[in-house]
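For the sequence shown, the working numbering begins at 3 and goes up steadily by one.
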Amino acid sequence: MDGASRVVHAAGGRVEARAVVIATGVTWRRLGVPELEALLGAGVFYGAAAAEARAMAGQHVFVIGAGNSAGQAAIHLSRYAASVTMVVRGPGLAASMSSYLVTEISKTANIRIRPSTEVIGGSGQCSLETLTLRHRASGATETVPAAALFVMIGAEPRTTWLPGAIDRDDQGFIRTGRDLHRASERPPGWPLKRPPLLLETSVPGVFAAGDVRHRSIKRVASPRAKAPPPSSSSMSTCAPSTTDTARLVARRDGLGGGVLLREHGDELGPGADVELAVDLAQVELDRLG
Ligand SMILES: Cc1cc2nc3c(=O)[nH]c(=O)nc-3n(C[C@H](O)[C@H](O)[C@H](O)COP(=O)(O)OP(=O)(O)OC[C@H]3O[C@@H](n4cnc5c(N)ncnc54)[C@H](O)[C@@H]3O)c2cc1C
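As structure tokens, this is what we get:
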């Protein structure tokens, strides 16, 4: 930071700006199962449990992973799905998941754990219909019906290049807005009288949007209704996707940056995030005159 300016150093030189939006995304660890990669977005999702959960009402869904994100996803999905099966490569959850989540999962009747198991295949005409699981010790394989698979095996935010002044959570995701100052009116060290704007980071005038942001939903679009199951009599004609880009309206309240956020979709995704962050950056520019 240099006075009112923020300086971004890029390979081609330096760029000076009064407001900056960081939208550098995350790097996902991939499953590497070709038939499941072919069904991405059609029942197979990286992250995305928050955005897709409502569409899973009454369905049998699977989560791969044993970390906190996988645990949170399983609990969230269990509120909608008929059953949630967690496929875990290790012997259980305790080694990699917070104990409060392990306890909550153990108390949730429709969550089942499949330890020492990996997903090695899957199939589906228009969207995911089955998964093939292998027990790692015995080598025994089993094909099970599955309406959706949520892959939660790790995502790393691309934030290592950022200075320490940009506050991040313990996984490196950038905190913004109220996540910076839940307990008090302003985050520690915040230099302005006004609190941070909705997607503003711990540095005034620097915004974060999309997957890189702490607690964003890791999606561009989210479903508004449950997708109809593929008809067995017309398997060659796949139903069109019912996903609809999350939309929002940000309105300046004329008092120096207050923002009314109105959701029209079920969830906000990075597309909406970026749109809003740019709008907020404009608010900040207007404020600076
Ligand atoms: C396999 C897969 C399938 C998915 N399918 C869907 C789907 O069907 N529907 C859906 O809604 N979402 C889907 N998603 C999620 C969706 O892709 C992400 O939510 C979305 O791309 C996030 O957008 P973003 O702008 O935050 O980050 P990204 O799309 O990751 O963009 C970040 C950009 O920043 C650049 N960058 C990173 N670091 C730097 C740096 N230091 N300097 C300059 N540039 C940098 C990167 O090169 C990249 O171009 C999928 C994700 C995966 C991994």
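Ideal Cβ placement from N, Cα and C applies to all residues, glycine included.
Everything numeric in this text was worked out from a predicted model, so none of it was measured.
Residue i: CB within 7 Å of a non-hydrogen atom of ligand 1
i      : result
Ala25  : yes
Gly14  : no
Leu130 : no
Lys109 : no
Val35  : no
Leu42  : yes
Val214 : yes
Arg160 : yes
Ala48  : Ala is not the amino acid found at residue 48; the sequence shown has Tyr there. Tyr48: yes, Cβ under 7 Å from ligand 1.
Arg56  : no
Arg221 : yes
Trp192 : no
Residue i versus residue j - alpha carbon distance
i      : j      : result
Arg116 : Cys128 : 26 Å
Ala157 : Gly45  : 19 Å
Gly1   : Asp213 : Since the first residue shown for the chain is 3 and the last is 291, residue 1 is missing from the structure and cannot be characterised.
Met88  : His183 : 34 Å
Ile168 : Ile24  : 11 Å
Gly67  : Val90  : 6 Å
Ala63  : Gly174 : According to the sequence shown, residue 63 is Val rather than Ala. If you take the alpha carbons of Val63 and Gly174, they lie about 29 Å apart.
Gly166 : Thr143 : 47 Å
Ala139 : Ser118 : 7 Å
Ser186 : Gly14  : 40 Å
Ala12  : Gly191 : 27 Å
Leu41  : Thr134 : 14 Å
Lys195 : Arg16  : 30 Å
Ile113 : Val86  : 5 Å
Leu95  : Arg136 : 18 Å
Thr203 : Ala50  : 23 Å
Val121 : Val208 : 41 Å
Ala292 : Ser101 : In the structure displayed, the chain extends from 3 to 291; residue 292 sits before or after that span and is not available.
Val35  : Val10  : 38 Å
Arg221 : Gln74  : 16 Å
Ser108 : Gly141 : 26 Å
7 Å CB neighbourhood of residue i in its chain, flanking five on each side removed
i      : result
Tyr48  : Trp30, Val153
Glu37  : Gly123, Gly124, Ser125
Val28  : Ala157, Glu158, Pro159, Arg160, Asp213, Val214
His78  : Ala51, Ala52, Ala55
Leu130 : Leu41, Ala44, Gly45, Val46, Gly124, Ala148, Ala149, Ala150, Leu151
Glu106 : Ile77
Cβ-Cβ separation, residue j to residue i (assumed contact under 8 Å), whole Å
i      : j      : result
Ala76  : Gln61  : Going by Cβ atoms, the distance from Ala76 to Gln61 rounds to 14 Å, so no, they are not a contact pair.
Ala53  : Ile219 : 5 Å
Val65  : Ala57  : Incorrect: roughly 15 Å between the Cβ atoms, too far for contact.
Ala283 : Ala21  : 4 Å
Tyr82  : Ala59  : 5 Å
Beta-carbon contacts of residue i that lie in its chain and below 8 Å, excluding the five residues immediately before and after
i      : result
Arg170 : Pro159, Thr161, Leu164, Ile176, Arg177, His216
Thr132 : Gly124, Ser125, Gly126, Thr145, Val146, Pro147, Ala148
Glu39  : Arg32, Leu33, Val46
Pro193 : Pro206
Gly92  : Ala68, Ser98, Pro117, Ser118
Leu103 : Asn70, Gly73, Gln74, Ile77, Leu95
Own chain, CB closer than 6 Å to residue i, minus 5 neighbours either side, in chain order
i      : result
Asp172 : none
Ala19  : Arg8
Gly256 : Note on Gly256: pLDDT 28, under 50, position unreliable in the model; no value is reported.
Asp181 : His216
Arg188 : Pro197
Thr26  : Arg160, Val214
Ser80  : Val86, Thr110, Asn112, Ile113
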